[in-house]
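Let me begin by presenting the structure, written as structure tokens, before commenting on it.
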Amino acid sequence: VRLGIVVVAAGSGTRLGAAEPKAFVELGGATLLEHALTAIARLDEEARVVVVAPSIRVDAATAIAGRVLAPGYGTVVAGGAERQDSVAAGIAALAAADTAGALDVVLIHDAARALTPSTVFARVAERVRASGAGVVPALPMIDTVAETDGADTVERVADRSRLAVLQTPQGFPFAAYRAAIAGASTGHTDDTSVFAAAGHDVVTVTGDEASLKITTPWDLRRAELILAERGG
Ligand code: CTP
Ligand code: MG
Numbered sequence: 017v018r019l020g021i022v023v024v025a026a027g028s029g030t031r032l033g034a035a036e037p038k039a040f041v042e043l044g045g046a047t048l049l050e051h052a053l054t055a056i057a058r059l060d061e062e063a064r065v066v067v068v069a070p071s072i073r074v075d076a077a078t079a080i081a082g083r084v085l086a087p088g089y090g091t092v093v094a095g096g097a098e099r100q101d102s103v104a105a106g107i108a109a110l111a112a113a114d115t116a117g118a119l120d121v122v123l124i125h126d127a128a129r130a131l132t133p134s135t136v137f138a139r140v141a142e143r144v145r146a147s148g149a150g151v152v153p154a155l156p157m158i159d160t161v162a163e164t165d166g167a168d169t170v171e172r173v174a175d176r177s178r179l180a181v182l183q184t185p186q187g188f189p190f191a192a193y194r195a196a197i198a199g200a201s202t203g204h205t206d207d208t209s210v211f212a213a214a215g216h217d218v219v220t221v222t223g224d225e226a227s228l229k230i231t232t233p234w235d236l237r238r239a240e241l242i243l244a245e246r247g248g
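Quick note on the UniProt record's numbering: the sequence shown kicks off at 17 and runs consecutively.
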């Protein structure tokens, strides 16, 4: 197996405000985590998958992974306080499972982007192999965005034509990514920023509207519409 995928699902989902941690909230009869893993299970390429879950949901995540992934291809570990800690836990588990040292590419994906199509995973992995760079799916910026002084004063309206909205899965050469996170500072909310901070190039591929990050109750409604249009 050459492809490793870390699915971070250890967040609490404060902004969604559901009774369950966000990855365990249902969307059209299946949890967000199950939707995310289903897209991964549909990939043509075999992948070794690590799910990073809240410590109190490791058993539930193990049951979901066992139902969706091919036997022997999924592992579940507990996450950390910040997303970056959860990613680090997932990468460590992936490295431990890769006894043959065969993994060349790692993809890091938010379970909150439950409806990302399989084609996006394949596109990112292919571009990592072709370029050796970090790869992030992106869409053009629609809104007008400004830098402020941190309060109410606008300092600069950004040139929208140069802005992109970044999604996941974000992909990296596995060995280079492990080295990058070993030396990373804290406070990164995005994996490409860790890789770029280590001096590597990062390029974009085309993202997908269905990859929206489900953050608020309104996002969950949008995701329901996308799912209904797909036919369940
Ligand atoms: N995540 C994680 N570990 C954390 C925090 C976040 O694995 N300590 C994961 C989430 O489960 C999610 C992804 O990172 O799949 C993106 O995070 P976000 O959308 O912010 O999810 P939450 O942190 O759960 O939501 P909120 O910030 O509203 O609490
Ligand atoms: Mg969060």
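Positions of the beta carbon are idealized from the N, C-alpha and C atoms, including for glycine.
Suppose the cutoff is 7 Å on Cβ atoms and the five residues either side in sequence are ignored; what does the same chain contact list for V170 look like? Excluding residues within five positions, the ones whose Cβ falls inside 7 Å are A162 and T164.
From T208 to D120, what distance separates their C-alpha atoms? Between T208 and D120, the C-alpha separation is close to 17 Å.
Around the Cβ of R143, are there at least 16 other Cβ atoms within 10 angstroms (buried) or fewer (exposed)? With 16 or more Cβ atoms within 10 Å of its Cβ, R143 is classed as buried.
Since I believe L228 is in contact with D235 (beta carbons under 8 Å), could you give me their beta-carbon distance rounded to a whole number of angstroms? Contact holds; Cβ gap of about 6 Å.
My output table needs one value for I124: the three-state DSSP class, helix, strand or coil. I124 falls in the strand class under three-state DSSP.
Return helix, strand or coil for residue 314, following the three-state DSSP convention. Beyond the ends of the chain as shown, which are 17 and 248, falls residue 314; an answer cannot be given.
Considering only their Cβ atoms, is the gap separating L49 from V66 smaller than 9 Å? Their beta carbons are not under 9 Å apart, which means V66 does not touch L49 by this criterion.
So is V93 buried or exposed if we call it buried at 16+ other beta carbons inside 10 Å? By the 10 Å Cβ count, V93 comes out buried.
Under the rule that 16 or more other beta-carbon atoms within 10 Å means buried, what is V173, buried or exposed? Exposed is the label assigned to V173, since fewer than 16 other Cβ atoms lie within 10 Å of its Cβ.
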